[in-house]
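As structure tokens, the structure follows; a few thoughts come after it.
2 protein chains.
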Amino acid sequence: MRPEDKHRRATIHDVARTARVSAATVSKVLRGVKTVRADNAERVRKAVSELHYRMDPLASGLRGEQRRIIGTVVPDLESPFFGKLVTELESLAEAAGYHMIVASSRESEAREADLAARMNDWRVAGCVLVPVRSERGPGAEKLLDFGMTAVLVDRVSADERFDTVSADNHEASASVADFLIGQQGHKHILLHGATRISKAIRNRLAGFGDRARAIDPGVVIDELLSDDPLETQRAAIRYYFDGQADGHRPTAIFSLSQHSTLLVLSEIRRMGLRIPEDVALVGFDDADWMQTTWPSITAVAQPVSAIAERALTALLARVEGDHTGFPVQYLETCALLIRQSAGQTKTERPRWSGRSG
Amino acid sequence: MRPEDKHRRATIHDVARTARVSAATVSKVLRGVKTVRADNAERVRKAVSELHYRMDPLASGLRGEQRRIIGTVVPDLESPFFGKLVTELESLAEAAGYHMIVASSRESEAREADLAARMNDWRVAGCVLVPVRSERGPGAEKLLDFGMTAVLVDRVSADERFDTVSADNHEASASVADFLIGQQGHKHILLHGATRISKAIRNRLAGFGDRARAIDPGVVIDELLSDDPLETQRAAIRYYFDGQADGHRPTAIFSLSQHSTLLVLSEIRRMGLRIPEDVALVGFDDADWMQTTWPSITAVAQPVSAIAERALTALLARVEGDHTGFPVQYLETCALLIRQSAGQTKTERPRWSGRSG
DNA sequence: CTTGCAGAATAAACCGATTTATCTTCGGAT
DNA sequence: ATCCGAAGATAAATCGGTTTATTCTGCAAG
């Protein structure tokens, strides 16, 4: 008898031997199959704990078509948004008895396709993909080729091949238009975005534009969109403001991404403009620092938890059940957090306007 | 012949049949073993590309003691620091021909131990562990029990069981003392940290204190350390400042973590103190927003890339080579980024700042 | 006292690779 | 012509589970 050799791990056969049953019976007990006599099941459980047996999740899935693994691919892991998304997904997957493997495409579509293929290599049961650009990228293409079941998240619109889940970028941006134009009466607004190619950004753009024109056809909307390097973008902002005669300067800015918000904020400060007196600022995507910086930044907060939960629920439904139903587009509603940089009344300003928590 | 069935993937045997060699030969070709006749190798490669064959990484490692997988466990995935660390680790692991699986212990030591066990289940070749608290946590204990080869990162000091890699917290904090006391001449400094239990924080504390006393034995150092809930900590800061007579107020604050910096900054602003005129601020751990907020925050930047590279290099050295040498402690040097909140001359000052001063 | 049958148990096949031990080949030395 | 050894190829064992097909129970019905 040698299961106690050095560092050799106990296998299902060791357990079987100890419990004096067959490996098949052990397997049944472990997976909760009911056709096992009570005394045998008990002996198996005892042996398992005696030998500290733990199943090898890889060998376990080897025989079947798919393993109890969910693959997740995100464009990056350095932004808190995806970090939080991944954390919640993993938590949900674990609760459902799945392992999760995570990979970052590092904003590269080529790598995205690569990772999709790799998820296929791992025989994952399903895949959560946050595409670099949109649902029509090489990643989704590969998933389709391989016949994998998958859910596309965040940078997507409706798709006829996969379920999609994202924040309701269109509606959230529209409500920013409501707020800035309808409520605050701004007549001239600058939209700033770092990139044109991401689907989410395009939806934010469209959502704001549509509603803005519906509320006030006379509103002037300028757009400053580019994927140039940082310094070029900074220069572009200054150039834009220099070109505006004082009376024709925009009175509000809607920045379409967190990165964009930071950039705009930085340049506004450098130009010596006051927020919100000279120009109001609303950013899409909230961050910790936005409620602490002065002035605190009004921002659209994305419902990360809701997105994660919807994505995994939809995926598991496809994996474990109906594999054929029509693809669904899920849109989760965002919240507009009104702070000092736009809209918050600044009457109470004794020491510093309180309640930043 | 049915490799073209539906969605059945080609296996090594399909390739072998197509190339009219044995599976063993295919395996050799794929792993670059030289003892294969050129024409056979060629036919194998042709078959591989014809059938779009891709090896199953799980089945591949099944037979050996360990698989070409590196496991990584971090306390959370929502902070950019760990996000970046994981990204770099994955990139390096991939370059070395390893897969990487990532998991977040969500700041729980119980879960940390759990994940260590799970990494063992996966038969990873090695494990990078960022412990929740220190190298003497339950995670490291489990790694040791299982006889896994591992490297401990970030929240660690020297250890006699594992290689450790971290920023040189002690030295970096000492250089903050050099800067604030030696160079700027501060006589009364507040240290603020969110937690006492993390090893990194303790090293920062000690590093600052040791150097500070060495430079100027008369310097007054107050410490405000707690793990209380957010609002309690905020109150503690206000209480501390209220208790200080105007002349005895600290003239500089050194916040020991990013979270801490945000908290301190928020409360300083709420109290209406000016930075750096009334109080200077230096934070440990840099973040994007710190260079954009006003005043921009002087901060210690951790060498993430260097840490990642060192960690993976050390781990692979243990995995592939010497498994017996003495554990090494690697300390990577940080950079002090001097900005407006402490030390930087403020020639160009945005005009809207004049309001309160 | 058979027979039938359902519930349990298990031996053996299987998954897709690697590794080992065995078997061919073939060229060169005796 | 014979023998030997090295290079190359391969059948078969192996890894740790799951699944299938078969066997074994025990008990009720005929």
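First to last, the sequence lines map onto chains A and B.
Here this note's numbering runs 2 ahead of the position in the first sequence, where the first position is 1.
Here this note's numbering runs 2 ahead of the position in the second sequence, where the first position is 1.
Think of the CB as a built atom: it goes at the ideal place given N, C-alpha and C, for glycine as much as any other residue.
query, result
"Cβ-heavy atom distance, glycine 345 of chain A to the ligand GTP, below 7 Å", "As far as ligands go, the structure on display features none, and thus does not contain the ligand GTP."
"Cα-Cα separation, leucine 91 of chain A to threonine 263 of chain A", "27 Å"
"Inside the segment 190-265 of chain A only - alpha helix (DSSP H) runs reaching at least 4 residues", "201-217 and 232-245"
"Inter-residue Cα distance where the pair is leucine 32 of chain B and arginine 69 of chain B", "16 Å"
"Closest Cα partner of aspartate 116 of chain B within the set B:Met102, B:Ala127 and B:Val76", "B:Val76"
"Alanine 216 of chain B, buried or exposed, once every other Cβ within 10 Å from all chains shown has been counted against 16", "exposed"
"Within 8 Å of chain A by C-beta, residues of the segment 50-71 of chain B in sequence order", "Arg56, Met57, Asp58, Pro59, Leu60, Ala61, Gly63, Leu64 and Arg69"
"8 Å contact criterion, which aspartate 170 of chain A and threonine 335 of chain A should meet: CB distance rounded", "5 Å"
"Alpha helix (DSSP H) segments (min. 4 residues) lying fully within the segment 105-173 of chain A", "111-123 and 140-147"
"Any 3 or more C-beta pairs closer than 8 Å across the segment 314-323 of chain A and the segment 148-155 of chain A", "yes"
"Proximal residues to glycine 285 of chain A (C-beta, below 6 Å), its chain only, five neighbours per side dropped", "Ser257, Thr263, Ile299 and Ala301"
"Same chain, Cβ closer than 6 Å to isoleucine 309 of chain A, neighbours up to 5 away in sequence not counted", "Val167 and Glu334"
"Boundaries (first-last residue) of the alpha helix (DSSP H) holding phenylalanine 84 of chain B", "82-97"
"Selected residue, minimal CA-CA separation from isoleucine 103 of chain B, among B:Pro59, B:Gly187 and B:Ile277", "B:Pro59"
"Whole runs of the beta strand (DSSP E) within the segment 273-355 of chain B, excluding any shorter than 3 residues", "282-286, 300-303, 331-334 and 337-339"
"Aspartate 123 of chain A vs arginine 56 of chain B beta-carbon contact at 8 Å", "yes"
"Cβ of lysine 144 of chain B within 8 Å of any chain A Cβ", "no"
"Rounded straight-line distance, which links the Cα of isoleucine 72 of chain A to that of lysine 36 of chain A", "27 Å"
"Contact check, alanine 176 of chain B vs arginine 213 of chain B, beta carbons under 8 Å", "yes"
"When B:Gly274, B:Asp290 and B:Ser106 are compared against histidine 261 of chain A, the one with the closest alpha-carbon", "B:Asp290"
"Of the residues B:Ser136, B:Arg163, B:Ser106 and B:Ala237, the one placed nearest arginine 204 of chain B, counting alpha carbons only", "B:Ser136"
"First and last residue of the uninterrupted alpha helix (DSSP H) at glycine 63 of chain B", "59-64"
"Residues near arginine 113 of chain B by beta carbon distance below 8 Å, same chain, minus five either side", "Ser107"
"Opening and closing residue of the beta strand (DSSP E) in which arginine 69 of chain B lies", "69-76"
"Whole-angstrom distance between aspartate 16 of chain A and aspartate 7 of chain A, CA atom to CA atom", "Residue placement at aspartate 7 of chain A is flagged as unreliable, the pLDDT there being 46, under the threshold of 50; the coordinate-derived value follows with that caveat. Cα to Cα, aspartate 7 of chain A sits roughly 12 Å from aspartate 16 of chain A."
"Interface flag, arginine 353 of chain A vs chain B, CB-CB below 8 Å", "In this prediction, arginine 353 of chain A has a pLDDT of 38, which is less than 50 and means its spatial position is unreliable; what the coordinates show is noted afterwards. Taking Cβ atoms only, chain B reaches closer than 8 Å to arginine 353 of chain A, which makes this a yes."
"Residue-chain proximity (glutamate 80 of chain B, chain A), Cβ-Cβ < 8 Å", "yes"
"Residue burial classification, threonine 27 of chain B (beta-carbon count within 10 angstroms, cutoff 16)", "buried"
"Residue-level contact to chain B via CB, leucine 267 of chain A, 8 Å cutoff", "yes"
"Near-chain B residues of the segment 120-154 of chain A (beta-carbon distance less than 9 Å), N- to C-terminal order", "Arg120, Asn122, Asp123, Trp124, Arg125, Phe148 and Gly149"
"Own chain, CB closer than 8 Å to glycine 34 of chain B, minus 5 neighbours either side, in chain order", "none"
"Beta-bridge partners of histidine 101 of chain B, as assigned by DSSP", "B:Ile71"
"Contact list for the segment 83-95 of chain B against chain A, Cβ threshold 7 Å", "Gly85, Lys86, Val88, Thr89 and Glu92"
"Closest by C-alpha distance to glutamate 162 of chain A, when choosing among A:Ile340, A:Gln342 and A:Gln331", "A:Gln331"
"Residues of the segment 97-109 of chain A with Cβ closer than 9 Å to any Cβ of chain B, in chain order", "His101, Met102, Ile103, Val104, Ala105, Ser106 and Arg108"
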